[in-house]
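There are 2 protein chains.
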Amino acid sequence: MGLEAAPGALEAEEIQARGFGRVREAHAAELLEDYAELIDDLVRDGGQARATEIARRLGVSHVTAVKAVARLEREGLAVSQPHRGVKLTEEGAALAAHARARHRLVLDLLLALGVPAEDAKADAEGIEHHVSPATLAAFARFLKGK
Amino acid sequence: MGLEAAPGALEAEEIQARGFGRVREAHAAELLEDYAELIDDLVRDGGQARATEIARRLGVSHVTAVKAVARLEREGLAVSQPHRGVKLTEEGAALAAHARARHRLVLDLLLALGVPAEDAKADAEGIEHHVSPATLAAFARFLKGK
DNA sequence: ATTTGCTTGTAGCCAAGGCTACATTAACCC
DNA sequence: GGGTTAATGTAGCCTTGGCTACAAGCAAAT
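Protein sequences appear in the order of chains A and B.
Count the first sequence with the working numbering and you get residues 8 to 153, in order.
Count the second sequence with the working numbering and you get residues 8 to 153, in order.
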């Protein structure tokens, strides 16, 4: 593979495969982003992000939340002390900020296109993780030019 | 939970949790959709959908593709004979048609918003699975009114 | 200071979606 | 027909993201 004739068709297939690969990577990243974003939210308007609270907001068991937090720590995005909640590191906060901005933009776009608020909120949650910078830029352009 | 005061805040949290739950469900469904769509493609313009070819297009090992096909069969979406390729059942074909239409619409929307073709293709692959009927309808409306 | 109750932690399970390495089977070309 | 090559299948492993059930810790009320 790689040095054949008929480059058109082959390229298209490779782009397709790459696309799927990208989706798989996005999935791996999205959990971290969701957790980071939520922790940031909780700290902002509560001062603390407790595992139980995180679990409740995400609709998962506390164990799942704790495991996810452990993963955040492993990746250097958060720190937590046993009974004193979770805090984001600088890197984690940056990730959260980025995710939040993207989320906001996606949501605004959906609303601008006339999607009902509830659906827009729910869909934005899923869509945001699959929006490349190029697409995000296009969204921003559209919203500005409106 | 459920009978407290301050219904506003609680409701918002529940909507959030529901949104995340929806995303998780979408993930479980999307693999099936991707495979169904691809199999449909391959059968259309090749007559056959072989496991190896599916694997190549998706950028995964043949084993992974075979396992996914087995899951499609388990769910009644496809049938396959050992060395004679995979075919979609009626239900599988319906799923594929639905996924294809949605995919097309998402892609068209991205293109209409000025996203470069390559990025649009890659992003559509990820976004399509998180677009609710309401959002899809809004996309269609926008494209028509353009 | 004890009890009671919420929050954390631990153990052990499951399915999905990946992989590599090895075995088998079909197909095609002499 | 026999052999080579490519497609399938099988075994066994890993990680993620879920779960339940049980154990331990902290805090607050009596």
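The C-beta atom is built at its ideal place from N, Cα and C for all residues, glycine as well.
Residue burial classification, residue i (beta-carbon count within 10 angstroms, cutoff 16)
i: residue 128 of chain B; result: buried
i: residue 148 of chain B; result: exposed
i: residue 59 of chain B; result: exposed
i: residue 53 of chain B; result: exposed
i: residue 19 of chain B; result: exposed
i: residue 152 of chain B; result: exposed
i: residue 8 of chain A; result: Any reading at residue 8 of chain A must be qualified, since the residue scores a pLDDT of 36, below 50, and its modelled position is unreliable; the value itself is stated next. So residue 8 of chain A counts as exposed.
i: residue 101 of chain B; result: exposed
i: residue 68 of chain A; result: exposed
Member of the options whose CA lies at the smallest distance from the CA of residue i
i: residue 23 of chain B; options: A:116, A:48 and A:108; result: A:48
i: residue 38 of chain A; options: A:138, A:118, A:132 and A:60; result: A:132
i: residue 26 of chain B; options: A:103, A:57, A:124 and A:80; result: A:124
i: residue 78 of chain B; options: B:41, B:134, B:112 and B:20; result: B:41
i: residue 2 of chain B; options: B:65, B:28 and B:30; result: One cannot answer for residue 2 of chain B here, as it falls past the ends of chain B, which runs 8 to 153.
i: residue 56 of chain B; options: B:76, B:68, B:71 and B:139; result: B:76
i: residue 103 of chain B; options: B:36, B:91, B:126 and B:152; result: B:36
i: residue 43 of chain A; options: A:84, A:111, A:119 and A:152; result: A:84
i: residue 134 of chain A; options: A:140, A:89 and A:113; result: A:113
i: residue 30 of chain B; options: B:152, B:136, B:153 and B:88; result: B:136
i: residue 109 of chain B; options: B:73, B:71, B:142 and B:63; result: B:142
i: residue 93 of chain A; options: A:117, A:62 and A:138; result: A:62
i: residue 99 of chain A; options: A:82, A:21 and A:90; result: A:82
i: residue 105 of chain A; options: A:139, A:87, A:126 and A:91; result: A:139
i: residue 117 of chain B; options: B:96, B:95, B:90 and B:146; result: B:146
i: residue 89 of chain B; options: B:73, B:32, B:96 and B:95; result: B:73
i: residue 121 of chain B; options: B:33, B:150, B:28 and B:80; result: B:150
i: residue 97 of chain A; options: A:107, A:115 and A:86; result: A:86
i: residue 50 of chain B; options: B:33, B:91, B:32 and B:80; result: B:91
i: residue 144 of chain B; options: B:33, B:70 and B:111; result: B:111
Contact with chain B by residue i, beta-carbon distance below 8 Å
i: residue 112 of chain A; result: no
i: residue 99 of chain A; result: no
i: residue 92 of chain A; result: no
i: residue 30 of chain A; result: yes
i: residue 43 of chain A; result: no
Closer than 8 Å to chain A by CB, residue i
i: residue 137 of chain B; result: yes
i: residue 108 of chain B; result: no
i: residue 5 of chain B; result: Chain B is shown only over 8 to 153; residue 5 of chain B falls outside these bounds and no answer can be derived.
i: residue 51 of chain B; result: no
i: residue 33 of chain B; result: yes
i: residue 142 of chain B; result: yes
i: residue 73 of chain B; result: no
i: residue 81 of chain B; result: no
i: residue 133 of chain B; result: yes
i: residue 117 of chain B; result: yes
i: residue 40 of chain B; result: no
i: residue 36 of chain B; result: no
i: residue 126 of chain B; result: yes
i: residue 85 of chain B; result: no
i: residue 103 of chain B; result: no
Contact list for residue i against chain A, beta-carbon separation under 9 Å
i: residue 148 of chain B; result: 120 and 121
i: residue 20 of chain B; result: 63 and 64
Within chain B, partners of residue i - CB distance below 9 Å
i: residue 54 of chain A; result: Those do not exist, as residue 54 of chain A stays about 16 Å from chain B at its closest Cβ, beyond 9 Å.
i: residue 88 of chain A; result: Neighbours of residue 88 of chain A on chain B: none; closest Cβ ~25 Å, over 9 Å.
Per-residue contacts from residue i into chain A (C-beta, under 7 Å)
i: residue 76 of chain B; result: In chain order: nothing, as chain A lies at least about 16 Å away.
i: residue 130 of chain B; result: 137, 138, 139 and 142
Contacts that residue i makes with chain B (C-beta to C-beta distance below 7 Å)
i: residue 57 of chain A; result: What residue 57 of chain A touches in chain B: nothing, since even the nearest Cβ is about 14 Å away.
Interface residues of chain B facing residue i [CB-CB closer than 8 Å]
i: residue 145 of chain A; result: 117, 120, 121 and 122
Could you tell me which uninterrupted alpha helix (DSSP H) segments, each at least 4 residues in length, are contained entirely in the segment 15-67 of chain B, listed from first to last along the chain?
-> 58-65
Which parts of the segment 83-141 of chain B are runs of the alpha helix (DSSP H), unbroken and 4 residues or longer, counting only runs that do not cross its ends?
-> Annotation: the segment 83-141 of chain B contains the following complete segments of the alpha helix (DSSP H) (minimum length 4 residues), in chain order: 97-119 and 124-134.
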